[in-house]
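In this note's numbering, the protein residues as written are 1128 to 1494.
We treat Cβ as the ideally placed atom computed from N, Cα and C, and that holds for glycine.
Heads up: the structure comes next, in structure tokens.
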Ligand code: SAH
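Right, here's the structure in full:
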């Protein structure tokens, strides 16, 4: 049975207007200004609901800083350059990235930090960690100033709402959130509208697989198209890291997590994190259609290893106590674990024809 004030409001909405799409449910559950998950929750960390790479090891943000230093050279060392992060969480990635950027002072001085974040609570935490860098907060990327751009997003795309479709004997159905006779939130597959069926059919044709289940993330596709368009007109590079698939897997992937445990997706709207696998294939296609270049995806393990993760670990360990050394080693191990975060995917979107330095060529190969 669904619980909480938001569940009751969603139930009233459905009773009045009929079933809503999974995307509409996710958008309310995550972003309702009063009771939405990101409005009040402390999602990330041991005392939160889930853990992420920048919270696991400082090496993650540092190596991304190194990657951006090289991309900055590739786009002609512009000063100033916008450094944007989508969904910066607790601000750890940006903090570690900026510290690493400090080893190339001209690069560090050129960076202007912009944080795209909807959660007021996380904005406050980012402010505490990043005050020295004088960040500017925005609600969406269209507010970013024009000019050269470096952008990073870790575990951001997976938080964008998805729609789910199923193909059966009668054609396409869309998975909706409805009410059962007792008034509880339940999934119900309903015949898709003609427009929705067309969308699902297009998504299925565009994929390498001909699965009967299709998930579409309209917000991710819109982001890929608008960022891709920007990178055609202004130099830059964007890095996306997330769990997901390129062409090897499809299916229902919406999941809810609370206190590090999976919970039923409809049970705790507003109190559990909701996410879905990222369709990197569709994301890449939307960016390419806009004219941008795409590199990867490669696995996170491969990306970090090629950037020198183990060398960095050795350098950090040299000055550390045995206890610190073990923490550092375990942190990196988690980032590289092929069954865990190491299996996440890293994809770069760049201005067209941007030469990629040789040592970053790993992003040109398949995972
Ligand atoms: N990148 C961080 C946090 C990942 S959690 C890390 O790796 O630790 C997802 C983040 O995206 C949170 O900061 C959340 O508040 C933010 N977020 C989710 N949906 C968003 C949206 N539509 N617009 C802006 N920020 C969003």
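Next item on the list: From the DSSP output, in three-state form, read off residue 1388 for me.
Entry: Residue 1388 falls in the strand class under three-state DSSP.
Note to self: My output table needs one value for residue 1319: the three-state DSSP class, helix, strand or coil.
What the structure shows: Coil.
Check: Which stretch, first to last residue, makes up the beta strand (DSSP E) that contains residue 1291?
Finding: Element bounds for residue 1291: 1290-1295.
Notebook entry, point to check: Among 1158, 1359 and 1388, which has the Cα closest to the Cα of residue 1416?
Noted result: Answer by Cα proximity: 1359.
Check: First and last residue of the alpha helix (DSSP H) that includes residue 1455?
Finding: Residue range 1449-1463 is occupied by the alpha helix (DSSP H) that includes residue 1455.
Note to self: Just verifying my parser: in three-state terms, what is the DSSP assignment at residue 1182?
What the structure shows: For residue 1182, the three-state secondary structure derived from DSSP is helix.
Notebook entry, point to check: Buried or exposed: which applies to residue 1380, given that a residue is buried once 16 or more other Cβ atoms fall within 10 Å of its Cβ?
Noted result: Buried, since its Cβ has 16 or more Cβ neighbours within 10 Å.
Check: Quick one, are the C-beta atoms of residue 1298 and residue 1324 less than 8 angstroms apart?
Finding: Between residue 1298 and residue 1324, the C-beta spacing is below 8 angstroms.
Notebook entry, point to check: When we look at the beta-carbon of residue 1526 and count the other beta-carbons within 10 Å, is it buried (16 or more) or exposed?
Noted result: Past the edges of the chain, shown from 1128 to 1494, lies residue 1526, and the structure says nothing about it.
Note to self: Is the beta carbon of residue 1344 closer than 8 angstroms to that of residue 1401?
What the structure shows: When the beta-carbon positions are compared, residue 1401 and residue 1344 stay at least 8 angstroms from each other.
Note to self: For residue 1157 and residue 1164, what's the separation of their Cα atoms in angstroms?
What the structure shows: Between residue 1157 and residue 1164, the C-alpha separation is close to 4 angstroms.
Next item on the list: For the stretch 1170-1188 and the stretch 1204-1217, state whether three or more C-beta atom pairs, one from each stretch, are separated by less than 8 angstroms.
Entry: Flag = yes, the stretch 1170-1188 and the stretch 1204-1217 touch.
Next item on the list: Only counting runs of 4 or more residues, tell me where the alpha helix (DSSP H) segments fall wholly within the stretch 1403-1432, in order along the chain.
Entry: Taking only runs of at least 4 residues, the alpha helix (DSSP H) segments lying wholly in the stretch 1403-1432 are 1407-1416.
Margin query: At the level of alpha carbons, what is the spacing between residue 1248 and residue 1263?
Written below: Annotation: residue 1248 to residue 1263 spans about 16 angstroms, alpha carbon to alpha carbon.
Next item on the list: Pull up the distance between the alpha-carbon of residue 1406 and that of residue 1351, whole angstroms please.
Entry: Their backbone Cα atoms lie some 12 angstroms apart in a straight line.
Next item on the list: Enumerate in chain order the residues of its own chain whose CB-to-CB distance from residue 1319 is below 7 angstroms, with the five nearest sequence positions on each side excluded.
Entry: 1292, 1299, 1300, 1301 and 1327, listed in sequence order.
Next item on the list: Mind checking who residue 1243 pairs with in its DSSP beta bridge?
Entry: When DSSP reads this structure, residue 1243 sits in a beta bridge with 1213 and 1265.
Notebook entry, point to check: For residue 1496, which of 1431, 1371 and 1420 has the nearest alpha-carbon?
Noted result: Within the shown structure, residues of the chain are numbered from 1128 to 1494, placing residue 1496 beyond reach of any answer.
Check: So, is residue 1132 buried or exposed, given that buried needs 16 or more other C-beta atoms within 10 angstroms?
Finding: With a 10 Å radius around the Cβ and a threshold of 16 neighbouring Cβ atoms, residue 1132 comes out exposed.
Next item on the list: Identify, in the order they occur along the chain, each residue of the same chain with its Cβ nearer than 8 angstroms to the Cβ of residue 1494, setting aside the five sequence neighbours on each side.
Entry: A caution first: residue 1494 carries a pLDDT of 40, below 50, which makes its placement in the model unreliable, though a value can still be read off. Answer for residue 1494: 1373, 1423, 1424, 1425, 1426, 1429 and 1472, listed in chain order.
Check: In terms of DSSP beta bridges, what is residue 1301 paired with?
Finding: The partner list for residue 1301 (beta bridge, DSSP) reads 1292 and 1317.
Checklist line | Separation of residue 1311 from residue 1145, as counted between CA atoms | finding: Between the alpha carbons of residue 1145 and residue 1311 lies a distance of about 14 angstroms.
Item checked: Touch test, the stretch 1449-1469 against the stretch 1184-1199, Cβ-Cβ under 8 angstroms, three pairs minimum -> Counting C-beta pairs with one atom in each stretch, the stretch 1449-1469 and the stretch 1184-1199 have three or more that are closer than 8 angstroms, which means they touch.
Notebook entry, point to check: Is the distance from the Cβ of residue 1176 to the Cβ of residue 1382 below 8 angstroms?
Noted result: For residue 1176 and residue 1382, no; Cβs fall outside 8 angstroms.
Checklist line | Helix, strand or coil at residue 1139 [DSSP, three-state] | finding: Helix, per DSSP.
Check: Among all the DSSP beta bridges, which residues are the ones paired with residue 1367?
Finding: Per DSSP, 1280 and 1474.
Check: Hey, is residue 1283 close to the ligand SAH, as in C-beta under 7 angstroms from one of its heavy atoms?
Finding: Result yes, Cβ under 7 angstroms from the ligand SAH.
Check: Based on the DSSP secondary-structure assignment, which residues constitute the bridge partners of residue 1372?
Finding: Listed as beta-bridge partners of residue 1372 by DSSP are 1406.
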